[in-house]
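Below is one structure, written out as structure tokens, with a few remarks after it.
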Amino acid sequence: LLIGDGGQNLSALNYLVKKITEKKFPEKFPGFLLDINDYQKKKIDEIKDLARMHAQRVRYFKKEAEMRPMNAYERRIVHASLQEYPDITTESRGEGMERRVVIKPLNLV
Numbered sequence: 001l002l003i004g005d006g007g008q009n010l011s012a013l014n015y016l017v018k019k020i021t022e023k024k025f026p027e028k029f030p031g032f033l034l035d036i037n038d039y040q041k042k043k044i045d046e047i048k049d050l051a052r053m054h055a056q057r058v059r060y061f062k063k064e065a066e067m068r069p070m071n072a073y074e075r076r077i078v079h080a081s082l083q084e085y086p087d088i089t090t091e092s093r094g095e096g097m098e099r100r101v102v103i104k105p106l107n108l109v
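Letter 107 of the sequence shown, counting from 1, is numbered 107 in the UniProt record's numbering, and no numbers are missing.
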């Protein structure tokens, strides 16, 4: 019940707590993430694994790959997790709910 369908309730709860905390402590906002039964950790790990899988395909085929549409937080996870790959780059494309990460080999940039 607290997590909600696809984590929607947990995301909303995280958003509310973040906004309340930012307002109460504007100069010292602590970074944190509410998690229930490791739901967020598992989701982050799944996103990182998916990003690495796409990165390996991009390296092998030397062609860019588009990931599924993601929210800004998920896209940030992908961009950060693929920074360790010196031979690929990432960018976000699309608008609104269709915004997604594109992974490209550096030789196509």
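Just so you know, even glycine gets a beta-carbon here, dropped at the ideal spot from N, CA and C.
With a Cβ-Cβ cutoff of 8 Å, do residue i and residue j count as a contact?
i: Ile88; j: Pro105; result: yes
i: Val101; j: Val78; result: yes
i: Ala72; j: Ile103; result: no
i: Glu74; j: Ile47; result: yes
i: Ala51; j: Ser92; result: no
Give the single residue among the options whose Cα lies nearest to the Cα of residue i.
i: Leu10; options: Asn37, Glu27, Phe25, Thr21; result: Asn37
i: Leu13; options: Lys24, Leu34, Lys28; result: Leu34
i: Gly4; options: Gln40, Arg76, Glu74, Ile20; result: Gln40
i: Asn107; options: Glu64, Pro26, Glu84, Gln83; result: Glu64
Using three-state DSSP, classify residue i as helix, strand or coil.
i: Glu95; result: coil
Quick check on residue i - is its C-beta less than 8 Å from some C-beta in chain D?
i: Arg93; result: You won't find chain D in this structure, because it holds only one protein chain.
* Asked: What residue ranges within the stretch 3 to 65 form continuous alpha helix (DSSP H) runs of no fewer than 4 residues, ordered along the chain?
  -> 8 to 24, 39 to 61
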